[in-house]
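S.K.:
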Amino acid sequence: MTLPEKMTETATVMAQQEVAPGVYRMELSSPAVAKVAQPGQFVQVRIFNGNHILRRPLGIAECDSARGCFTMFYRIVGSGTRDLSLLVHGEILNVLGPLGHGFATAFHHPLLIGGGMGLSPLLSYAQAKRGACDILMGGKNAEELFWQSFYAPYVQKTFLTTDDGSLGSRGFTTTIFPQVLKQDTYDGVLVCGPEIMMRGIAKMAAQAGIPCQVSLEKRMACGLGACLSCSIDMTDGRRKKVCKDGPVFWAEEVFA
Amino acid sequence: MNCVAKDTLLATDLCGIKMKTPILTGSGTFGFGEEFADFVNLSSIGGVVVKGTTLKPRRGNDGVRITETPAGMLNCIGLENPGVEVFLKETLPRIRQYDMNVIVNISGSSVEDYGLLAEKLDATDIAAIEVNISCPNVKEGGIVFGTDPKAAAAVTRAVKSHTGKPVIVKLSPNVTDIVCMAKAVEDAGADAISLINTLLGMQIDIRTWAPVLGNITGGLSGPCVKPVAVRMVWQVAQAVHVPIIGMGGIMSAEDAVEFFLAGASAVAIGTANFTDPSCITKISDELAAYLAAHRLENIHDLIGKIKIPQKEA
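As given, the protein sequences belong to chains A and B, one line each in that order.
Every letter in the first sequence is one number past the one before it in the working numbering, and letter 180, counting from 1, is 178.
Take any residue in the second sequence, count from 1 to its spot, add 27: that is its number in the working numbering.
1. Are there three or more Cβ pairs, one per stretch, closer than 8 Å when the region 242 to 250 of chain A is compared with the region 73 to 88 of chain B?
2. Any contact of the region 289 to 296 of chain B with the region 48 to 63 of chain B, i.e. 3+ C-beta pairs under 8 Å?
3. Compare the C-alpha of Thr48 (chain B) against each of B:Ala38, B:Ile272, B:Thr56 and name the closest.
4. Let me confirm a value: Phe46 (chain A) is counted as buried when at least 16 other C-beta atoms fall within 10 Å, else exposed. Which label applies?
5. Note the first and the last residue of the continuous alpha helix (DSSP H) segment covering Cys251 (chain B).
6. Output the distance between the C-alpha atoms of Asp65 (chain B) and Glu3 (chain A), rounded to the nearest integer angstrom.
7. Quick check: the Cα distance between Lys334 (chain B) and Asn201 (chain B), rounded to an integer number of angstroms?
8. Taking a contact to mean a Cβ-Cβ separation below 7 Å, would you say His189 (chain B) touches Glu157 (chain B) in this structure?
9. At 8 Å on the CB atoms, spell out the chain B contacts of Gly100 (chain A), in chain order.
10. CB-CB under 8 Å to Leu82 (chain B), same chain, minus the five flanking residues each way: which ones, in chain order?
11. If you pair each beta-carbon of the region 308 to 324 of chain B with each one of the region 272 to 281 of chain B, do three or more pairs fall below 8 Å?
12. Name the chain A residues that come within less than 7 Å of Phe57 (chain B), Cβ to Cβ?
13. Just checking: is the beta-carbon of Ser28 (chain A) within a distance shorter than 7 Å of some beta-carbon in chain B?
14. Taking 8 Å as the limit between beta carbons, can you name the residues of its chain near Asp40 (chain B), skipping five residues before and five after?
15. Anyone know if the C-beta pair for Ile93 (chain B) and Ala219 (chain A) falls short of 7 Å?
16. On the criterion of 16 or more Cβ atoms from any shown chain inside 10 Å, does Ala150 (chain A) qualify as buried, or is it exposed?
17. What does DSSP give as the partner residue(s) for Pro245 (chain A) in the beta ladder?
18. At a Cβ threshold of 7 Å, is Ser227 (chain A) touching chain B?
19. Do the region 112 to 129 of chain A and the region 176 to 192 of chain A touch if we need at least three Cβ pairs shorter than 8 Å?
20. Between which two residues does the alpha helix (DSSP H) harbouring Cys61 (chain A) extend?
21. For Ile231 (chain B), would you say it is in contact with chain A, using Cβ-to-Cβ distances shorter than 7 Å as the test?
22. Looking at the unbroken beta strand (DSSP E) that takes in Ile195 (chain B), where does it start and where does it end?
23. Hey, could you find the ends of the alpha helix (DSSP H) Phe389 (chain B) is sitting in?
24. His87 (chain A) and Val11 (chain A) - do their beta-carbons sit closer together than 7 Å?
25. What are the boundary residues of the alpha helix (DSSP H) that includes Gln181 (chain A)?
26. Return the residues of the region 294 to 317 of chain B that lie within a Cβ-Cβ distance of less than 9 Å from chain A, sorted by chain order.
27. Applying the 10 Å Cβ sphere with the 16-neighbour rule, what's the burial state of Lys155 (chain A)?
28. In terms of DSSP beta bridges, what is Thr69 (chain A) paired with?
29. Which value, in whole angstroms, describes the spacing of the CA atoms of Val182 (chain B) and Val269 (chain B)?
30. Beta-carbon within less than 8 Å of Gly228 (chain B)'s beta-carbon, same chain only, minus the 5 sequence neighbours each way: which residues are those?
31. So the candidates are B:Ala185, B:Ala98, B:Asn132, B:Ser292; which of them puts its Cα closest to the Cα of Ala260 (chain B)?
32. For a cutoff of 7 Å on Cβ pairs, would you count Arg217 (chain A) as touching chain B?
33. Taking the beta strand (DSSP E) that Gln36 (chain A) belongs to, which residues open and close that run?
34. Taking Asp162 (chain A) as part of the beta strand (DSSP E), name the residues at either end of that continuous run.
35. How would you list, in chain order, the residues of chain B whose beta-carbon sits under 8 Å from the beta-carbon of Leu52 (chain A)?
36. Starting from Glu281 (chain B), find everything on chain A with Cβ-Cβ shorter than 7 Å and list it in chain order.
Set out below in structure tokens:
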């Protein structure tokens, strides 16, 4: 798959809303990046308040190339995401992207499985493959599954699970994955979420003989494969970078 | 300003290396150059100091490797690199297409390692060797050599005796007397000195009470270290005759000008490459504009021109 050329672009905040406690959805006008971004790719945003030497990596969640906009979902985890959450309509950021390798697009009817903020990059895939995907989403509680309404326009079936049972079945995505597999035939499984969840799903997908891709998250500085902050071990012993070689990998490449 | 004027203003020669600008990239912040090819015309910059290279491949440190600080960042990458053999066989032939000055940063765990690395690199068309005796993140990164003038001199001599290429020694700021270190490597034959590597620092997560970095401590870089770097360049420039490559928190042409005034013959851009991947081009353009605005003909007219107020008798 050929990747679009990377670029930097001044981006304008078009909208920002708190969609769940501490979780924000930001829409950016960034026409050049929105035009070429592929599902599963990410951007590095630079915040111009003078407090941040490093950019923050954020997955592209929904992309509207006609309007020249894309959205990102993020949880406030530190000073960078807190400062991002304070931006209002009309303020600017600098976007570096689109970065990394996204999801394989050849699947006809894949199952997307996301946990928590891992549902963000998967949304770009659901949108790009409009109507082709089913989604299995997991969260701590009903509040964390605000994602339903964002996925609804793009997916066929939605399966819900929460740690506390407040919405959908009680448990984890790994708990109900086997039942979901019995209900339909999928030619691929795409996963993003906590590593323990991705490992569990990858193992079960392998047993079921379904190709599986995972999207990894790591701290990074450059986003271009140069600083080596996000190096990981591959199962074949090689070293790769999440930012450049990923963030999406075939499960068997990264999980033994 | 037209291109010809810019070229004339910035062109320089650093211990025999012909450079289009006096601005390099700092080792470890610009990969092998190719990672930034979408953002920078690599043949138009002074040169690329590539990621630290060791005899054997190194996987680097485990755990979190970077964290942001006020006006800077900490890193503890731990000299991850594919080793000199892979660099020579795969990387160097690949990056040759960019027509840039390639300076290879080397690290070893013994004096012999440094000599061997120099010997292997001598047979190539690289522009120079930068000797890293100052990586704070690994024992084998040379910090043991970087804090002892005798050991620093021994490493310098070992490299010099195995190569005819210009040898730049990169010093650690984590010493009491930087001038003593600089003089030691100059006496041992260093052709130039890079100042400064990162300052040793650490950050603690107050939620978990654990260190943020996997290696507990890391190297501090970015604008927060710039005053320390400028001070060290100024001190060393008065004590040695070899050229100095100044680095430490340069984010703009104004920052670079400070280093030149302090006595640096060239500068390197490090952490700023992460903030803005095309910054080296902007800094070069703005430096040329600064020189023109001050009616200077070449960067040489700025080097060491700091005006120290005379004390009254």
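Built from N, CA and C at the ideal position, the CB exists for glycine as well.
M.R.: In short, the structure shows the following:
1. no
2. yes
3. B:Ala38
4. exposed
5. No alpha helix (DSSP H) holds Cys251 (chain B); DSSP gives it neither H nor E.
6. 7 Å
7. 27 Å
8. no
9. Per Cβ cutoff of 8 Å: no residues; Gly100 (chain A) is ~17 Å from chain B at best.
10. Gly110, Val111, Gly135, Asp140, Leu143, Leu144
11. yes
12. Ala224
13. no
14. Met46
15. yes
16. exposed
17. A:His99
18. yes
19. yes
20. First-last for Cys61 (chain A): 60 to 62, but that is the beta strand (DSSP E), not the alpha helix (DSSP H).
21. no
22. 194 to 197
23. Summary: the structure shown does not reach residue 389 (chain B), with chain B confined to residues 28 through 340, and so no result is reported for it.
24. yes
25. 171 to 181
26. Thr298, Ala299, Asn300, Phe301, Thr302, Asp303, Pro304, Ser305
27. exposed
28. A:Glu25, A:Glu60
29. 17 Å
30. Thr96, Leu101, Thr244, Gly245, Gly246, Leu247
31. Note that residue 260 (chain B) corresponds to Val in the displayed sequence, not to Ala. Minimum Cα distance to Val260 (chain B) is reached at B:Ser292.
32. yes
33. No beta strand (DSSP E) holds Gln36 (chain A); DSSP gives it neither H nor E.
34. Asp162 (chain A) -> no beta strand (DSSP E), and no H or E assigned at all.
35. Ile93, Glu95, Met100, Phe301, Thr302
36. Simply none; closest approach about 15 Å.
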